[in-house]
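Peer 1: Counting along the sequence shown from 1, when you hit position 22 you're at 14 in the numbering used here, and nothing is skipped either side.
Below is a structure I'd like to ask you about.
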Amino acid sequence: MKARDVVLTGLMLFSLFFGAGNLIFPPYLGMEAGTAVWPAIAGFIITGVGLPLLSVAAVALAQDGIRSLGQGVHPLFRFCFSLAVYLAIGPFFGIPRAASVAYEIGAKPFFPASGSLVMWLFTGVFFALVYWLSLNPSKLVDRIGQWLTPMLLLSIAVLCLAGLIRLDDPQAEPVEKYASAPLAKGMLEGYLTMDTIAALAFGIVVIQALRDRGIDRPALQAKATIQSGVIAAAGLALVYAGIAGVGARMAGAGSFANGAELLSHVSSLLFGSGGKVLLGVIVALACLTTAIGLVAACAQYFHELTPAVSYRAYVTALTLFSFVMSNLGLNALIAVSVPVLTMLYPLAIVLVVLSFFHHFFRGSAKVYGMALLFTGVFSLYDGFKAMGVETAWLEPFLSWAPLFSVGLGWVVPALIGAVLGFLIDWPTVVNRKHAA
-7 MKARDVVLTG LMLFSLFFGA GNLIFPPYLG MEAGTAVWPA IAGFIITGVG LPLLSVAAVA
53 LAQDGIRSLG QGVHPLFRFC FSLAVYLAIG PFFGIPRAAS VAYEIGAKPF FPASGSLVMW
113 LFTGVFFALV YWLSLNPSKL VDRIGQWLTP MLLLSIAVLC LAGLIRLDDP QAEPVEKYAS
173 APLAKGMLEG YLTMDTIAAL AFGIVVIQAL RDRGIDRPAL QAKATIQSGV IAAAGLALVY
233 AGIAGVGARM AGAGSFANGA ELLSHVSSLL FGSGGKVLLG VIVALACLTT AIGLVAACAQ
293 YFHELTPAVS YRAYVTALTL FSFVMSNLGL NALIAVSVPV LTMLYPLAIV LVVLSFFHHF
353 FRGSAKVYGM ALLFTGVFSL YDGFKAMGVE TAWLEPFLSW APLFSVGLGW VVPALIGAVL
413 GFLIDWPTVV NRKHAA
């Protein structure tokens, strides 16, 4: 495969990852971390970039994408898990959220007194573009990697360079949560981006793009996908560092409720009324490319499940459904979807990590099953808690786990479950090794 094609595929993957959520987390981290911004953003990059890169590699090395990651557990789990992932990050949350965020940050500031009609019109145009650009997945690399990504990167570069050059650096002290362990806190913030789940879906888009370029051998597909993932990861790391640096220079500028307010203030401070236009372009491009990738990934997945239904039909259905969902409002989407993603995310990470050790324990179903069972107990607790369900009565049984208080209580139990499964299935694993 030509180096140019790998670079363009990597740029496409960067744009698919870089949605509005990725844009607003780092500057707020930078503002709160202050003088500890660099260790904090390093931690953010470790989990916010490193884990998605591992997911891309896992999907590339798997024979059948995300569905192969669950094959060591049970066929029913494999089907249910992959279906839940695609529905959650696709039509039920990821795709409509992209349009809602694009409207809230990129369009609503220009029409502050507008009603729902403007939102319907904006999302209508947004999804018309998504539909058109998603119809032919073989052209996604050219359309996104060659055109939309450079526009997005140029817009971000203008904002970051202007902020780093023109804004004073007050060297403010970090807020309490970043004062003692900024690296660890940054890692927790990066974990909350939940891009690892998106990576499981985007892998199929990259592999299909490679197939359209004549790369049919699985080994070459895996190599090119991983190379593209490294390019995307490098781009994400640079952008995160730049935006966090801008946020750190706003520590003394007042209080902001979130990263969106902070970026809006920064863009207006640097460029006046034109700053709103610049920020609107950045957000619109970031959301558009992410939505295109999610529609293409979901349509390809469902088309493979039911080949009798065409890819075009799925693109049409996903676009129309997401268009309606996006007009429910961002808060409603978050309220419904975050608990589901909270449940799925730990399971996805455990599957990805175990996939790299699959040959070591010879794909033992007990290793997969025990690790996921222990993980599932904690992820269900976190999901129900996010729903607002009363879970205090469970805390005495679960709070023994390290990192429980920060939502990572599943980590050690997952490791314990994997070890127990390995010990229980030890004779079978040994026999498989000898047979090999």
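Using N, Cα and C, we set each Cβ at its ideal position, and we do this for glycine too.
None of these values were measured; they are calculated from a predicted model.
Between residue 381 and residue 221, which are expected to be in contact by the criterion C-beta below 8 Å, what is the C-beta distance as a whole number of angstroms?
Peer 2: Actually they are not in contact, since the Cβ atoms of residue 381 and residue 221 sit about 37 Å apart, beyond 8 Å.
Peer 1: Can we say the segment 239 to 256 touches the segment 159 to 166, given the rule of at least three CB pairs closer than 8 Å?
Peer 2: These segments touch.
Peer 1: Verify whether the separation of the beta carbon atoms of residue 207 and residue 216 is less than 8 Å.
Peer 2: For residue 207 and residue 216, yes; Cβs fall inside 8 Å.
Peer 1: Given residue 77, which residues of its chain have a CB within under 8 Å of its CB, disregarding the five upstream and five downstream residues?
Peer 2: Excluding residues within five positions, the ones whose Cβ falls inside 8 Å are 58, 189, 192, 193, 336, 340.
Peer 1: Measure the Cβ-Cβ separation of residue 1 and residue 198 and say whether it is below 8 Å.
Peer 2: Yes, these two residues count as a Cβ contact at 8 Å.
Peer 1: Our contact map puts residue 366 next to residue 409 with C-beta atoms below 8 Å; I'd like the distance itself, whole angstroms only.
Peer 2: That pair is a contact at about 3 Å.
Peer 1: Buried or exposed: which applies to residue 358, given that a residue is buried once 16 or more other Cβ atoms fall within 10 Å of its Cβ?
Peer 2: Under this definition residue 358 is a buried residue.
Peer 1: Just list the alpha helix (DSSP H) runs in the segment 44 to 101, keeping only unbroken ones of 4 residues or longer that don't cross its boundaries, in chain order.
Peer 2: The qualifying runs are 58 to 61, 67 to 81, 86 to 93.
Peer 1: Where does the unbroken alpha helix (DSSP H) through residue 203 begin, and where does it stop?
Peer 2: From DSSP, the alpha helix (DSSP H) with residue 203 extends over 187 to 204.
Peer 1: I need the straight-line Cα distance from residue 118 to residue 280, nearest angstrom please.
Peer 2: C-alpha separation (whole angstroms): 7 Å.
Peer 1: Give the C-beta separation of residue 185 and residue 13 to the nearest angstrom, bearing in mind that I take them to be a contact with Cβ-Cβ under 8 Å.
Peer 2: That belief holds up - the Cβ atoms of residue 185 and residue 13 are roughly 6 Å apart, short of 8 Å.
Peer 1: Considering just the uninterrupted stretch of the alpha helix (DSSP H) at residue 110, what are its terminal residues?
Peer 2: Run containing residue 110: 108 to 126, per the alpha helix (DSSP H) assignment.
Peer 1: Is the beta carbon of residue 297 closer than 8 Å to that of residue 87?
Peer 2: The answer is no: Cβ separation not under 8 Å.
Peer 1: For residue 419, is the classification buried or exposed, using 16 other Cβ atoms within 10 angstroms of its Cβ as the cut-off for buried?
Peer 2: With fewer than 16 other Cβ atoms within 10 Å, it is exposed.
Peer 1: Considering only their Cβ atoms, is the gap separating residue 60 from residue 54 smaller than 8 Å?
Peer 2: Cβ distance < 8 Å, so residue 54 and residue 60 count as in contact.
Peer 1: Considering only C-alpha positions, which residue in the set -3, 416, 423 is nearest to residue 205?
Peer 2: Looking at the Cα atoms, -3 is the closest of the given residues.
Peer 1: Throw me the rounded Cβ distance for the residue 396 and residue 50 pair, which I believe falls under 8 Å.
Peer 2: About 26 Å separates the two Cβ atoms, so there is no contact after all.
Peer 1: Should the segment 127 to 134 be regarded as contacting the segment 148 to 158, the criterion being three or more beta carbon pairs within less than 8 Å?
Peer 2: At 8 Å Cβ cutoff, the stretches do not touch.
Peer 1: Who are the Cβ neighbours of residue 115 in its own chain at under 7 Å, not counting the five residues just before and after it?
Peer 2: Cβ within range, chain order: 91, 95, 315, 318, 319.
Peer 1: Where does residue 290 land, buried or exposed, given buried means 16+ other C-beta within 10 angstroms?
Peer 2: Residue 290 is buried by the Cβ-count criterion.
Peer 1: What is the rounded straight-line gap between the Cα of residue 477 and the Cα of residue 183?
Peer 2: Residue numbering for the chain in the displayed model covers -7 to 428; residue 477 lies beyond these limits and cannot be assessed.
Peer 1: Excluding the 5 residues preceding and the 5 following residue 364 in the sequence, name in chain order all residues of the same chain whose CB lies nearer than 7 Å to its CB.
Peer 2: So the qualifying residues of the chain are 65, 339, 342.
Peer 1: Helix, strand or coil: which one does DSSP assign to residue 243?
Peer 2: It is coil, neither helix nor strand.
Peer 1: Counting C-beta neighbours from all protein chains within 10 Å, is the total for residue 402 16 or more, i.e. buried, or is it exposed?
Peer 2: Burial call: buried.
Peer 1: Over the uninterrupted alpha helix (DSSP H) stretch that includes residue 417, give me the two end residues.
Peer 2: Unbroken run through residue 417: none, as it is neither H nor E.
Peer 1: Give the single residue among 143, 375, 178, 195 whose Cα lies nearest to the Cα of residue 329.
Peer 2: For the residues 143, 375, 178, 195, the minimum Cα distance to residue 329 belongs to 375.
Peer 1: Roughly how many angstroms lie between the CA atoms of residue 245 and residue 326, to the nearest whole one?
Peer 2: Taking the straight line from one Cα to the other gives about 29 Å.
Peer 1: Please confirm if the segment 24 to 34 is in contact with the segment 263 to 275, defined as three or more CB-CB distances below 8 Å between the two stretches.
Peer 2: No: the two stretches stay apart, fewer than three of their Cβ pairs being nearer than 8 Å.
Peer 1: How many Å lie between residue 369 and residue 406 at the Cα?
Peer 2: About 10 Å.
Peer 1: Could you tell me the distance, in whole angstroms, from the CA atom of residue 344 to the CA atom of residue 134?
Peer 2: The alpha-carbon atoms of residue 344 and residue 134 are separated by roughly 29 Å.
Peer 1: Could you check where the alpha helix (DSSP H) with residue 292 kicks off and where it finishes?
Peer 2: Note, residue 292: alpha helix (DSSP H), 265 to 297.
Peer 1: Rounded to whole angstroms, what's the CA-CA distance from residue 294 to residue 306? Just pull it up for me.
Peer 2: Taking the straight line joining both Cα atoms gives about 7 Å.
Peer 1: Can you give the Cα-Cα distance for residue 232 and residue 178, rounded to whole angstroms?
Peer 2: Their Cα atoms are separated by approximately 12 Å.
Peer 1: Measure the CB-CB distance between residue 15 and residue 278 and report whether it falls below 8 Å.
Peer 2: Yes.
Peer 1: Mind checking which residues open and close the alpha helix (DSSP H) that includes residue 180?
Peer 2: Where residue 180 is concerned, the enclosing alpha helix (DSSP H) stretches over 174 to 183.
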